[in-house]
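Protein chains in written order, with the numbering used here: chain A, -13 to 199; chain B, 2 to 334.
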């Protein structure tokens, strides 16, 4: 398949918005345990604004769509998630240039650039108990699958499984970044809400590509 | 949940509408959720901008006015405002001498203020400096974490720097002063109960009737440890000990002691706590020369308190005593 064009990327974001809406309470209660009980509400508000924006001002190409998404998230989410997810999409936008359809390698490279931007913004490392603990393994799985000659749908499916494992692996971690870090050892034993919403983002990409095939 | 609400999603917007009507000396930009002095920008004066999540009232809007802040940005409940708001507020209060961002140290606030400074620099020729306030001794290992939280000491920083800004001091002088007051301050807090974020509708954490949280922040996040409920005298000790262990407060010209209520604790109990805390400080050779007792940095409806101690010298004392006219602090005017 050709990859993701502006419709495919829009489908990804709409699926993600629906998934965040569905998991809003779960995200908030995970955040209540080790943070401040607003991750579900903030992500829901942000993704609803992204979907509204796509309908109101349909972007012309992938770069415009990704940039618009990043700006809307930065404007509407606040907290830590706004700048982090916003930076991810803004960096993806810069990475895709003027392409009208993102092939598997381009999409994977853009996603990696986005995650690298997020890591720089958050000054985070693997094992800090953040969304990077889901996204990092997902990127590696995506690259490995594509390297093995798998199509994008299968590679994103593998990435989604890796993100889920990464998310689950945050449970025993002691948080070193964000509000959960204030709890010290007490943050262990709780799944990270950011890693949870990040795993949903990768799952939504897999579903968007599968549905488009 | 039993709260005065219409729809939880409209709480911040509707509260700002009320604030706008109640305070003609302030202006509210409802679209951007910026609250600022009616006479902003004050020509030739450095503009002071702070802000953060809502739910800490009277912080932050209660400290806007002559002698303190020029503007604040209001975020959702316990959520940092966004860069566009901060960049717009920066423009509104730039009187030609630059704008100082006073940032409470939380990951989201720091990131959003960073991005706002980048935006302001790209769009205008406003000079921006930022000082991050981090006074909370409950957070250990601060080299490996998000660092110490900004809590009660921000009131001392904003008041003292606000007074100095009225004297016409430069942006870099004010930034140095803000860092000095922050370095001179330490805080520690505790909770008797959790708080209820309206969008969630139930308490953030479960705290049994016979237990308390020590080392809480200002967002209802759980504290460092949980201990059995104890008499106020012992709780005072649990707050004062880590503060005095972290910094020597015996020198200088005495200290400012700020006993803060977290929202649901009556002043009657806060004064009792001040009495216990002052006795402990005096025993340790620390001399309170100024006090502030009351709910100034709240966490919605949380019951509990925090103590902040700021080392004063002659200059800081004069700036603390200088006139201030805000809805939260008002004297000498």
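Yeah, the Cβ is synthetic: ideal placement off N, Cα and C, and Gly gets one too.
Residue-level contact to chain A via CB, residue i, 7 Å cutoff
{"i": "residue 85 of chain B", "result": "yes"}
{"i": "residue 304 of chain B", "result": "no"}
{"i": "residue 221 of chain B", "result": "yes"}
{"i": "residue 77 of chain B", "result": "yes"}
{"i": "residue 109 of chain B", "result": "yes"}
{"i": "residue 169 of chain B", "result": "no"}
{"i": "residue 218 of chain B", "result": "yes"}
Which of helix, strand or coil DSSP assigns to residue i
{"i": "residue 102 of chain B", "result": "strand"}
{"i": "residue 11 of chain B", "result": "helix"}
{"i": "residue 110 of chain A", "result": "coil"}
{"i": "residue 37 of chain B", "result": "strand"}
{"i": "residue 97 of chain A", "result": "helix"}
{"i": "residue 326 of chain B", "result": "strand"}
{"i": "residue 116 of chain A", "result": "coil"}
{"i": "residue 64 of chain B", "result": "helix"}
{"i": "residue 86 of chain B", "result": "helix"}
{"i": "residue 212 of chain B", "result": "strand"}
{"i": "residue 80 of chain A", "result": "helix"}
{"i": "residue 305 of chain B", "result": "strand"}
{"i": "residue 24 of chain A", "result": "coil"}
{"i": "residue 130 of chain B", "result": "strand"}
{"i": "residue 15 of chain A", "result": "helix"}
{"i": "residue 313 of chain B", "result": "coil"}
{"i": "residue 239 of chain B", "result": "helix"}
Interface residues of chain A facing residue i [CB-CB closer than 9 Å]
{"i": "residue 114 of chain B", "result": "Neighbours of residue 114 of chain B on chain A: none; closest Cβ ~10 Å, over 9 Å."}
Contact set for residue i: own chain, Cβ-Cβ below 6 Å, skip 5 residues either direction
{"i": "residue 77 of chain A", "result": "99, 100, 103"}
{"i": "residue 52 of chain A", "result": "75, 78, 79"}
{"i": "residue 89 of chain A", "result": "-11"}
{"i": "residue 153 of chain A", "result": "120, 181, 182, 185"}
{"i": "residue 141 of chain A", "result": "128, 131, 132"}
{"i": "residue 239 of chain B", "result": "215"}
{"i": "residue 79 of chain B", "result": "54, 56, 220"}
Cβ of residue i within 7 Å of any chain B Cβ
{"i": "residue 22 of chain A", "result": "yes"}
{"i": "residue 164 of chain A", "result": "yes"}
{"i": "residue 69 of chain A", "result": "yes"}
{"i": "residue 2 of chain A", "result": "no"}
{"i": "residue 167 of chain A", "result": "yes"}
{"i": "residue 77 of chain A", "result": "no"}
{"i": "residue 18 of chain A", "result": "yes"}
Residue j beta carbon less than 7 Å from that of residue i
{"i": "residue 225 of chain B", "j": "residue 139 of chain B", "result": "yes"}
{"i": "residue 31 of chain A", "j": "residue 73 of chain A", "result": "no"}
{"i": "residue 230 of chain B", "j": "residue 219 of chain B", "result": "no"}
{"i": "residue 144 of chain A", "j": "residue 131 of chain A", "result": "yes"}
{"i": "residue 47 of chain B", "j": "residue 62 of chain B", "result": "no"}
{"i": "residue 321 of chain B", "j": "residue 161 of chain B", "result": "yes"}
{"i": "residue 13 of chain B", "j": "residue 77 of chain B", "result": "yes"}
{"i": "residue 278 of chain B", "j": "residue 228 of chain B", "result": "no"}
{"i": "residue 185 of chain A", "j": "residue 120 of chain A", "result": "yes"}
{"i": "residue 254 of chain B", "j": "residue 315 of chain B", "result": "yes"}
{"i": "residue 146 of chain A", "j": "residue 160 of chain A", "result": "no"}
{"i": "residue 90 of chain B", "j": "residue 50 of chain B", "result": "yes"}
{"i": "residue 9 of chain B", "j": "residue 147 of chain B", "result": "no"}
{"i": "residue 132 of chain B", "j": "residue 61 of chain A", "result": "no"}
{"i": "residue 7 of chain A", "j": "residue 14 of chain A", "result": "no"}
{"i": "residue 167 of chain B", "j": "residue 68 of chain B", "result": "yes"}
{"i": "residue 323 of chain B", "j": "residue 334 of chain B", "result": "no"}
Cross-chain neighbours of residue i in chain A, by beta carbon under 7 Å
{"i": "residue 80 of chain B", "result": "24, 28, 64, 65"}
{"i": "residue 263 of chain B", "result": "Within chain A, no residue comes near residue 263 of chain B; the closest Cβ sits about 14 Å away, beyond 7 Å."}
{"i": "residue 64 of chain B", "result": "What residue 64 of chain B touches in chain A: nothing, since even the nearest Cβ is about 21 Å away."}
{"i": "residue 22 of chain B", "result": "What residue 22 of chain B touches in chain A: nothing, since even the nearest Cβ is about 25 Å away."}
Partners in chain B for residue i, counting only beta-carbon separations shorter than 8 Å
{"i": "residue 80 of chain A", "result": "Neighbours of residue 80 of chain A on chain B: none; closest Cβ ~15 Å, over 8 Å."}
Residues near residue i by beta carbon distance below 7 Å, same chain, minus five either side
{"i": "residue 81 of chain B", "result": "53, 54, 107, 109, 110, 113"}
{"i": "residue 302 of chain B", "result": "196, 197, 264, 265"}
{"i": "residue 185 of chain B", "result": "311, 312"}
{"i": "residue 15 of chain B", "result": "7"}
Closer than 8 Å at the beta carbon, the chain A residues around residue i
{"i": "residue 225 of chain B", "result": "168, 169, 170, 172"}
{"i": "residue 37 of chain B", "result": "Correct list: empty, because the minimum Cβ distance to chain A is about 19 Å."}
Neighbourhood of residue i by C-beta distance below 8 Å, restricted to the same chain and skipping five residues each side
{"i": "residue 16 of chain A", "result": "25, 176, 177, 178, 179, 182"}
{"i": "residue 42 of chain B", "result": "48, 71, 93, 94, 95, 96, 97"}
{"i": "residue 33 of chain B", "result": "74, 85, 86, 89, 90"}
{"i": "residue 208 of chain B", "result": "192, 193, 194, 195, 214, 227"}
{"i": "residue -9 of chain A", "result": "48, 86, 87, 88"}
Within chain B, partners of residue i - CB distance below 7 Å
{"i": "residue 14 of chain A", "result": "201"}
{"i": "residue 153 of chain A", "result": "Neighbours of residue 153 of chain A on chain B: none; closest Cβ ~19 Å, over 7 Å."}
{"i": "residue 98 of chain A", "result": "Those within 7 Å of residue 98 of chain A in chain B number zero; the least Cβ separation is about 21 Å."}
Check: residue i C-beta below 6 Å from any heavy atom of the ligand FAD
{"i": "residue 85 of chain A", "result": "Looking at this structure, you won't find the ligand FAD or any other ligand, since it has none at all."}
Cross-chain neighbours of residue i in chain B, by beta carbon under 9 Å
{"i": "residue 107 of chain A", "result": "112, 115, 116"}
_Contact list for the stretch 35 to 63 of chain A against chain C, Cβ threshold 8 Å_ = You won't find chain C in this structure, because its protein chains are A and B.
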